[in-house]
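Numbering (the numbering used here), first residue to last: 179 to 333.
Glycine included, every Cβ here is placed at the ideal spot set by N, Cα and C.
Remember, it's a predicted structure, so these values are computed and weren't measured experimentally.
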Amino acid sequence: MSDTRVISRHPVDLLIEEHELLSSLLTAYEDLSPTQVREKTHLINRIEDEISRHVGTEEALFYPTILELKDPAVHERISEVLAEHRQMETMGGDLRRLQPGASRDLAVDVLKSLVERHISLEQREIFPQASKLERVTINQLGLEIEERRMREDRY
C-alpha cells in the first residue's frame with residue numbers, strides 16, 4: 179500500500195508570509211513621493227484587499243483551530259486581535275475614501291503602526307500555540323490555507 183499523504187506548508191509560515199506582504203505594501207506606500215498619487219492609490223487598494231483576505235483566513239481557519247486548545251489566555255489574546263482586525267478593516271476602507279494628500283498619508287502611518295502591533299502580538303503570543311496542535315491538524319490547516327489562497331488567486 180502506498181503512502182498518499184499530502185504534506186502542506188506549516189500554517190504559521192503561511193500566515194507570516196501574509197504578514198510580510200502586508201508590511202511590505204505599507205512600507206512601499208511610505209516610500210512613494212507625494213506626487214505619485216496613482217501608485218499610492220493602487221497600493222491603498224492592494225492594502226485593503228490584503229487586509230480583508232488575511233483577516234478572512236485567520237478568522238475562518240486559524241483562530242477556530244487554535245481556540246480548540248481551550249486555553250483562556252489564548253482566548254483573551256484572540257479577542258484582542260479580533261478587535262484589531264475590525265480596526266484594520268475599518269481603516270482600510272476609510273483609506274479608499276480619503277483624498278490623496280497628507281491626511282491619507284497620516285492614516286496609512288496609523289494603520290501601519292496598528293498592523294505592526296498586531297503582527298507582533300500574533301507572532302509572539304498566538305502563533306506559538308500552533309505547536310500544541312497535533313501534526314495531522316497542523317497539516318490539514320496548512321492545506322486549507324493553501325486551498326483558500328488558490329481560490330482567491332493569491333501567492
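- Shown here for Pro212: not one same chain residue has a beta carbon closer than 6 Å to its own, the five before and five after excluded.
- Counting the other Cβ atoms within 10 Å of the Cβ of Ile185 gives fewer than 16, which makes it exposed.
- From the listed residues Arg275, Gly320 and Glu300, the smallest Cα separation to His263 is found for Glu300.
- DSSP places Ser291 in the uninterrupted alpha helix (DSSP H) bounded by Ala280 to Leu299.
- Between Arg231 and the set Gly270, Val215 and Glu254, the nearest pair of CA atoms involves Gly270.
- Relative to Arg295, the option among Ala308, Asp272, Ser281 and Leu200 whose CA is nearest is Leu200.
- Boundaries of the alpha helix (DSSP H) around Pro250: Pro250 to Arg275.
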